[in-house]
Amino acid sequence: MDKHFPNSYRKGRNYDWLSDSGAANKIQDLILEAMACVYIPVQNSEEEVRVALDQLPRDATDILDILKAEQAPLDLWLIIAREYFKQGKIEQFRQILEEGSSPEIDEYYADVRYERIAILNALGAYYSYLGKIETKQREKEEHFILATQYYNKASRIDMHEPSTWVGKGNHNELFWHWIVSQLLLAKGDVDQAFAAFKIVLDGDRDNIPALLGQACVEFNRGKYSSSLEMYKLDPENVEALVALGIVDLQSNEASGIRGATEKMQRAFDVYPYCATALNYLANHFFFTGQHFLVEQLTETALAATTHGSTRAHSYYNLARSYHSKGDYEKAGLYYMASAVAHIYLQLNQTTKAHEALRKAIRIDPRDPEAFLDLGELLISTDSGAALDAFKTARNLLKKANEEVSIEILNNIGVLHFERGEFELAQQTFKEALGDGIWLKLIDSEPQSNSIGESYSDPIRKALYQPMESSLAARVYKDMQLFHNLEKDGIAVELPWDKITTLSNLARLFEQLHKTETASILYRLILFKFPEYVDAYLRLAAIAKARNNVPLSIELIRDALEVDDKNPDALCMLGDLELKNDDWVKAKDTFRAAKDASNGKDSYATLCLGNWNYFAAVRSEKRAPKLEATHLEKAKELYTKHDKGILSNHGSPIAWHMRSLRCSVFTKWHKFRASFSLEDKVSDVINNGEWRWPQAWLDSQPTLTYVIVPTLLEIPRPDSPDMANWSRSQSEMFGGSSWWKAQKSCTPMVLVEHPANMYAANGAGVVLAEKGQFDVAKELFTQVQEAASGSVFVQMPDVWINLAHVHFAQGNFALAIKMYQNCLRKFYYNTDSQILLYLARTHYEAEQWQDCKKTLLKAIHLAPSNYTLRFDTGVALQKFSASTLQKTKRTVDEVRATVAELKNAVRLFSQLSAASNLQFHGFDEKKIETHVGYCKHLLEAAKVHCDAAELEDQQNKHRQELARQAAIREEESRLAEEQKKVKLEKRKQEDELKKVMQQEQHLERIKEHWKSSSGSKRKDRAQAEDEEGAQGERRRRKSNKKRKRDKKAETHMDDQEETEEDNTNTNYYEPENQVNDQVDDDDDNPQDLLAAAGLEDSDLDDDAAAPSSNTGRRIRGWSESDEDEPEKRQRSSSPVRDNSVEMQLSDGE
Amino acid sequence: MKLAWLRSLETSHHDCVWACTWLPATDKSSGLLLTGSLDETVKLWNPDDLSLVRTNTGHCLGVVSVAAHPSGKIAASASMDSFVRVFDVESNNTIATLEAPPSEVWQMQFDPRGTTLAVAGGSSASVKLWDTAEWKLIAALSIPRPEGSKPSDKGNNKKFVLSVAWSPSGRQLACGSMDGSISVFDVQRAKFLHHLEGHTMPVRSLAYSPLDPRVLVSGSDDERIHMYDAEGKTLCSSMSGHSSWVLSVDVSPDGAAIASGSSDRTVKLWDPKMRAAVQTMTNHTDQVWGVKFEGGARGSLLASVSDDKSISLYNYS
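So the protein lines, in turn, are chains A and B.
Numbered according to the numbering used here, the first sequence terminates at residue 1155, and the numbering increases by one at each position without gaps.
Numbered according to the numbering used here, the second sequence terminates at residue 363, and the numbering increases by one at each position without gaps.
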């Protein structure tokens, strides 16, 4: 420290914020000194209160009292605060600083500007630091808000020199960041100090004190010690050393690399600020996995040069180092730094980080490295964008005529693979691999297939020579083919840097169902690199998929020979042992797997959990105590993380058809839940704790005991999530580690990750087991959503579990849909077990035909599964029984019942016969009971059937009779109607005559009156008016008639066509005439009265205003025209109108 | 070699179609297509326009296989209730009803001369041979128990016989089992010859090449199609490409191509020389349970039937 800090201090003086005030010196000194105590001057005296810094009181109030009482200089406040911080007493630290920035202090120390600003800035820095490390968004923001407030307050203090402070505000802040990092460093929290220094550096690229602060960090880490000794050596020409080193490096041989490293180290020793040497050393240490050295070296390199590309290289190294360590936050920071000085990459701000990096790339669109970084960063979140980035990098490299590394191509290939673009993936992998034996093995096509003919081409011979069929089962272990090739003079070479890509290609062939080609490639890898465990495991998985359990086990044993503690291999082995029903062995294996991984391997833990679960469920006698223990244990292990054997759709409600445990799950009480479907698992689990809604906890206290799934993950060896990402040679053999890296990048979004999905699924299973169907459903739904979209993650289990939940909740239609979708989506409809679930759902829903058909399909798929036949019998029996119990049933139903009963009897009888031969494990007696019962039902059904047949006959007879009677009735009805019509017609004709007679009579009277009196003018006019009225009325009547006709027409359309005909042909239809007559009857008296000069009769509705009546009427008539008959009617005589309408409606 | 889709009938049956075979042409009728379905019916079709010639009813629990006598006059259909119905094609009269309890009935095939009907007997671990003159059970070709296993072993039902095929000469018969093994018999001596291994899951379909009596083609749930030298006991090639179970295989009359139907909803045409699929037909929307080349005069037709209730015809050239 001594060596470095004076230095930094000296340089620091160049900075105005330091020279501004002596306080800076003081503070620095204070930090540097390992102070044992401080002295608080006692006011108005020469005395001082001695405060031992290592004995600061627990309660900061005590010390504050002294500080306040003695009006101690503010820098002492800072020192004490710092000391508290150093001791980890953050609360006291904060308390002192907050007190130190309180209004009374402001007032009292009004002229002490710098220290006040310092305190505020320290608080600001403290809160922004908190903000940076806080992961919860809300708290984070709160911290930042507080920080801003303090900074603002600080900048307000010196209003006289605003320009200075505004301009230096940033520096100021950075300075305090720097202080904080110093504090952190003092506290021994080197990593956090490191991060804090970076904040400074990002704000001010050339902040030398900060750089040196970092150097100090490195010093603290004890890495400079050797360099100090070496410092005394004679200096040599640094450039030459570096150049030599580079030459050595490029020789690409182990000795060369060693030499290069030595030279670089010497160059470094001679002149520790040669950026190139530093970068290359960093590079070296990166490959050797000594990431701390990488960081240290590159930091120094960064400090030493302003040369753009060298700096980029340094940042790249640093970022890469963190990246590969899985420290995405730091990596992100450096990726950022390599481009722009913005800090976005905090855990919750990856999007912003991407933006910034993208922005950076836009600034320098020709930097392939930047695109590669971007690509790697994006892999986890946005594979499409990642692919674009990688492709751009590849194109840039190609343009520059630089070699595109196998890693880039490999990653592009994997991305294509992951996105389901298999053709492109294959091309890319092949491009990455270049020419070699593998290409011949992939692409050689057979030329002849005549049996017995041998191949001349050794490769073809190796590939296509017929083999003894008894050996065919062992083909996945066959290495002879490569020996033969070598014997035939063909070199079987495989450079080690191609293994990852080759195994990815093999994985792709598996996906494309070119399994034989895949197996040859895996075997090629093993032929050259027998320690490549993954290849054994893939071959074992292939063998297992083909149901070749013995070979699979053998391959796993091979893998275990390489690494007897490989948890993946052990888990797979246990899985297979379970498949072989070897429970005891399996348990031991799982336990070994768990031990091998020190309990950290979630998969091993899960397997053991599964074992317990199955032991419990499987136990046929169902000893309740034993079962409970097993279940409890299983739950314990599962809830940590579940995936695995449970995936053999070992579901909580596996259907035990033999005992038809159909009533196990009743409709469940539903809980009010405050979660929604949109919630992520991160809403359910946060910071390692479940976030159950209180309502759930209240109703189901068991939830508190459900163990939270951790975020650990291990790729499951037989699940297809093994695509390897090559990042560097050092990781070549840790192919699956890429997935692990994922978790630290997005720890909040659990379900985006396969293992988390398994864990969530497992938690869901346990919840379902506990009857928490709604919660389970939430989880399953989330997993289902998350699992869709990746070709590597296939999770049919979650579909099945979801369907089970629907089933358990009595939601049969949904359950059926879900089972069917699952069957179709994942199993090409070939899974008889799911068909059984489906059939059971139909059974519960009493859809007998569907149930039967589903079971028959299942039998067709699994002919040797006698349980299915038994189930079919049971379903038929149940159908028949329930039909016979129905009070109302058709003869067809009864007939079907008889047929199905016969089938049931046959099925049971066959089973009964087969049971003698021990084809299956059914109890003969039980089957006999079924046979007996079905036969009994059959007897009953026959009686029913006969009865039903008879009844059916009788019914038919009765129906025939009824039909005939109905026909007769109809006929007579028609005849009657016609008679009626005729009668009516006659009557109407008579009436018409009568009316006409009356009218004639009226005319005669009128004529008579007109001629007999020399009437007054008024009377005449009135009479004329009435004449007009009469005319109007007639018109109106005809209008009404038309209207009525219309109504009649629509009404009669089908029912009374004959009548309609009448109306159409005979304009004066009888009904109308009747109405007319009524009208006339109504009119006639008025007409008569009018004619008699008594027109103002109370028949008129306007009786209230008799005097104006006439005029109004006249006006009304004159206003109205024929187009508005209704209006006229209303204005003239609504009463009559009403009556007419009533008649109309009656007529209807 | 290629397949050209000719025509399809969408709902030929009310439910999954599980079996198909061609009836050779007779003096009275040209060749017909025979299909069996879960809907418990057997239907005869005119291949020219896929018009329905007749619907045979009477089966219970789904028709799992159909077989045509080389004369074209007689046919057999079998259902899951383990009855075989032998009927006159023209009149639909029942000639015989066969059962051999407790053995189930799965695939059936008439021998090339038409004297024997071979029936895969499921859990009986045997192939039942029926005389076609008197419809009597003449022999049961049993698969020998694996060495060291006791008669009481439950493992016996692993040799559950699903599929059966006659060699073109009629001298040999092969049957496929649930455990993936294929057993070859000398029929005349009623003697088991040997096993053909390599499959590890149920062998649901077998077919001899009509040209080379040694070549036996098999399809299995392990997604592979194997070509064996049935006499030399060697596996000539193992072809992968289907993404689910291979349910049905057949060799073209010219012996140059293999057709396969799979749970992956496709029909594939394979070139055995290239050991690769040369064509994939995707017109079905569910598992394809049967593919069959027309062996007679027509020679260039391929039929496929599926769980999607449809029948498809293709021209093979």
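Cβ coordinates follow ideal geometry from the N, Cα and C atoms, glycine included.
Below the 9 Å Cβ cutoff, chain B contributes 62, 64, 84, 108, 110, 126, 335 as neighbours of residue 867/A, in chain order. A residue is called buried once 16 or more other Cβ atoms fall within 10 Å of its Cβ, and residue 555/A is buried on that count. Looking at 317/B, 241/B, 232/B, the one whose alpha-carbon comes closest to that of residue 271/B is 317/B.
At a cut-off of 7 Å between C-beta atoms, residue 326/B does not count as an interface residue with respect to chain A. Listed in chain order, the non-local C-beta contacts of residue 470/A below 8 Å within the same chain comprise 448, 451, 453, 488, 527, local neighbours out to five positions each way being set aside. Contact check between the stretch 252 to 263 of chain B and the stretch 805 to 817 of chain A: fewer than three CB pairs, one atom from each, fall below 8 Å, which does not count as touching. Note that the C-beta distance between residue 127/A and residue 160/A is below 7 Å. Using a 10 angstroms sphere on the CB of residue 86/B, the tally of other CB atoms reaches 16 or more, which defines it as buried.
The beta carbons of residue 827/A and residue 845/A sit about 7 Å from each other, so the pair counts as a contact at 8 Å. Close CB contacts of residue 391/A within its chain, under the 6 Å cut and outside five residues either way in sequence, are absent. At a cut-off of 7 Å between beta carbons, residue 555/A contacts chain B. For residue 453/A, the secondary structure class from DSSP, reduced to helix, strand or coil, is coil.
Boundaries of the alpha helix (DSSP H) around residue 433/A: 429 to 440. Between the C-alpha atoms of residue 521/A and residue 446/A there is a straight-line separation of about 15 Å. A direct Cα-to-Cα measurement between residue 426/A and residue 333/B gives close to 26 Å.
Proximity of chain A to residue 168/B at the Cβ level (cut-off 7 Å) is accounted for by 870, in chain order.
The continuous alpha helix (DSSP H) containing residue 807/A extends over residues 803 to 815.
Inter-residue distance for residue 141/B and residue 918/A is about 28 Å (C-alpha atoms, whole angstroms). In this structure, the straight-line span from the alpha carbon of residue 131/A to that of residue 152/A is close to 9 Å. Between residue 955/A and residue 898/A, the C-beta gap is smaller than 7 Å, which places the two residues in contact. When Cβ-Cβ separations below 7 Å define contact, residue 476/A makes contact with chain B. For the options 463/A, 497/A, 505/A, the alpha carbon positioned closest to that of residue 412/A is the one of 505/A. No Cβ-Cβ contact shorter than 7 Å links residue 274/B with residue 214/B. CA-CA distance, residue 397/A to residue 415/A, rounds to 7 Å. At a cut-off of 7 Å, the C-beta of residue 520/A has a neighbouring C-beta in chain B. Note on residue 970/A: under 16 other CB atoms within 10 angstroms of its CB, so exposed under the neighbour-count rule. Annotation: residue 825/A is outside any beta strand (DSSP E); the continuous alpha helix (DSSP H) that includes it extends over 819 to 834. Within chain B, the C-beta atoms nearer than 8 Å to that of residue 480/A come from 243, 244, 246, in chain order.
For residue 837/A, at least one C-beta of chain B is nearer than 7 Å to its own C-beta.
When DSSP states are grouped into helix, strand and coil, residue 211/B belongs to the strand group. Secondary structure of residue 567/A (DSSP, three-state): helix. Relative to the Cα of residue 162/B, the nearest Cα in the group 296/B, 176/B, 128/B, 136/B belongs to 176/B. In this structure, the straight-line span from the alpha carbon of residue 906/A to that of residue 547/A is close to 49 Å. Restricting attention to 543/A, 959/A, 572/A, the CA atom closest to the CA of residue 602/A is found in 572/A. With a cutoff of 7 Å on beta-carbon distance, residue 853/A and residue 286/B are scored as not near each other.
No Cβ of chain A is located within less than 7 Å of the beta carbon of residue 238/B.
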